[in-house]
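In my numbering, the protein residues as written are 3 to 118. Idealized CB from N, CA, C, for every residue including glycine.
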(Lines of atoms letter the chains of each structure in order from A and count residues from 1; the text may use other names and numbers.)
(Lines give C-alpha, C1' and ligand atoms only; values in the text may rest on other atoms or scores of the structure.)
Protein backbone atom coordinates (compact mmCIF):
# COMPACT_ATOMS: atom_id res chain seq x y z
CA UNK A 1 0.00 0.00 0.00
CA UNK A 2 1.03 3.56 -0.60
CA UNK A 3 0.86 6.28 2.04
CA UNK A 4 -0.59 9.75 1.70
CA UNK A 5 -1.64 12.70 3.81
CA UNK A 6 -5.17 14.06 3.56
CA UNK A 7 -5.73 17.70 2.69
CA UNK A 8 -9.14 19.38 2.68
CA UNK A 9 -9.61 22.79 1.06
CA UNK A 10 -5.81 23.05 0.82
CA UNK A 11 -5.21 22.44 4.54
CA UNK A 12 -3.43 19.41 5.99
CA UNK A 13 -5.77 17.50 8.33
CA UNK A 14 -3.01 15.51 10.00
CA UNK A 15 -4.66 12.28 8.83
CA UNK A 16 -2.30 9.61 7.48
CA UNK A 17 -3.96 7.59 4.74
CA UNK A 18 -3.04 4.10 3.52
CA UNK A 19 -4.07 3.82 -0.14
CA UNK A 20 -4.98 0.41 -1.56
CA UNK A 21 -3.36 -0.47 -4.86
CA UNK A 22 -4.61 -4.00 -5.59
CA UNK A 23 -7.87 -5.91 -5.42
CA UNK A 24 -6.42 -8.06 -2.63
CA UNK A 25 -5.66 -4.96 -0.54
CA UNK A 26 -9.20 -3.66 -1.13
CA UNK A 27 -10.75 -6.99 -0.17
CA UNK A 28 -8.69 -7.24 3.04
CA UNK A 29 -9.27 -3.61 4.04
CA UNK A 30 -9.28 -3.22 7.82
CA UNK A 31 -10.18 -6.85 8.55
CA UNK A 32 -8.08 -8.43 11.24
CA UNK A 33 -7.07 -5.13 12.83
CA UNK A 34 -7.91 -4.50 16.47
CA UNK A 35 -8.21 -0.74 16.01
CA UNK A 36 -7.16 2.23 13.94
CA UNK A 37 -5.67 5.41 15.45
CA UNK A 38 -7.88 8.51 15.13
CA UNK A 39 -5.31 10.15 12.83
CA UNK A 40 -5.28 7.27 10.31
CA UNK A 41 -7.59 6.18 7.50
CA UNK A 42 -7.79 3.67 4.66
CA UNK A 43 -8.63 4.74 1.09
CA UNK A 44 -10.20 2.01 -1.02
CA UNK A 45 -9.61 3.07 -4.63
CA UNK A 46 -12.24 2.09 -7.22
CA UNK A 47 -14.66 0.96 -4.51
CA UNK A 48 -18.26 2.08 -4.09
CA UNK A 49 -19.41 -0.45 -1.51
CA UNK A 50 -18.06 -1.88 1.74
CA UNK A 51 -19.02 -4.38 4.40
CA UNK A 52 -18.13 -4.60 8.07
CA UNK A 53 -18.46 -8.36 8.52
CA UNK A 54 -15.52 -9.48 10.65
CA UNK A 55 -14.67 -5.94 11.81
CA UNK A 56 -13.60 -5.53 15.43
CA UNK A 57 -14.36 -1.81 15.76
CA UNK A 58 -16.87 0.74 14.45
CA UNK A 59 -15.86 3.02 11.58
CA UNK A 60 -16.89 6.15 9.74
CA UNK A 61 -17.35 5.52 6.01
CA UNK A 62 -16.95 8.37 3.52
CA UNK A 63 -17.91 7.82 -0.11
CA UNK A 64 -16.02 9.93 -2.67
CA UNK A 65 -16.78 10.63 -6.33
CA UNK A 66 -14.24 10.51 -9.18
CA UNK A 67 -13.05 14.03 -8.34
CA UNK A 68 -12.53 12.97 -4.70
CA UNK A 69 -15.43 15.03 -3.37
CA UNK A 70 -17.35 13.60 -0.42
CA UNK A 71 -20.80 12.48 -1.59
CA UNK A 72 -21.91 10.69 1.61
CA UNK A 73 -20.76 10.07 5.17
CA UNK A 74 -21.92 7.24 7.42
CA UNK A 75 -20.91 7.75 11.05
CA UNK A 76 -20.27 4.94 13.54
CA UNK A 77 -20.94 1.99 11.25
CA UNK A 78 -20.93 -1.14 13.39
CA UNK A 79 -20.12 -4.72 12.44
CA UNK A 80 -22.25 -6.82 10.10
CA UNK A 81 -23.33 -3.96 7.84
CA UNK A 82 -23.18 -3.41 4.08
CA UNK A 83 -22.99 0.07 2.55
CA UNK A 84 -23.30 1.01 -1.12
CA UNK A 85 -23.27 4.35 -2.89
CA UNK A 86 -23.91 4.43 -6.64
CA UNK A 87 -22.23 7.85 -7.00
CA UNK A 88 -19.04 6.70 -5.27
CA UNK A 89 -15.78 5.91 -7.03
CA UNK A 90 -13.70 5.55 -3.84
CA UNK A 91 -14.30 4.89 -0.15
CA UNK A 92 -12.45 6.27 2.86
CA UNK A 93 -12.67 4.34 6.14
CA UNK A 94 -11.77 5.96 9.46
CA UNK A 95 -12.30 5.11 13.13
CA UNK A 96 -15.79 5.97 14.38
CA UNK A 97 -16.02 9.64 15.34
CA UNK A 98 -13.00 10.71 13.28
CA UNK A 99 -14.94 12.29 10.42
CA UNK A 100 -16.88 14.54 12.79
CA UNK A 101 -13.84 15.15 14.95
CA UNK A 102 -11.90 16.45 11.95
CA UNK A 103 -14.88 18.49 10.71
CA UNK A 104 -15.24 16.54 7.44
CA UNK A 105 -18.50 17.11 5.57
CA UNK A 106 -20.39 16.19 2.40
CA UNK A 107 -19.10 18.40 -0.42
CA UNK A 108 -15.53 18.60 0.89
CA UNK A 109 -12.87 18.15 -1.78
CA UNK A 110 -10.09 15.82 -0.69
CA UNK A 111 -6.52 15.82 -1.94
CA UNK A 112 -4.34 12.81 -1.13
CA UNK A 113 -0.71 13.92 -1.21
CA UNK A 114 1.74 11.00 -1.50
CA UNK A 115 4.17 10.63 1.39
CA UNK A 116 5.96 7.47 0.21
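For the region 7-63, the full-length alpha helix (DSSP H) segments reaching 4 residues or more read 25-30 along the chain. Secondary structure of residue 116 (DSSP, three-state): strand.
For residue 74, there is no enclosing alpha helix (DSSP H); the residue is part of the beta strand (DSSP E) that begins and ends at 72-79. Annotated as distal: residue 37 and residue 115, with beta-carbon spacing of 7 Å or more. Of the candidates 76, 103 and 62, 62 places its Cα closest to the Cα of residue 44. The Cβ atoms of residue 101 and residue 78 lie no closer than 7 Å to each other.
As the crow flies, the alpha-carbon of residue 49 is around 21 Å from that of residue 10. By the neighbour-count definition (other C-beta atoms within 10 Å, threshold 16), residue 105 is an exposed residue.
Relative to residue 23, the option among 3, 68 and 13 whose CA is nearest is 3.
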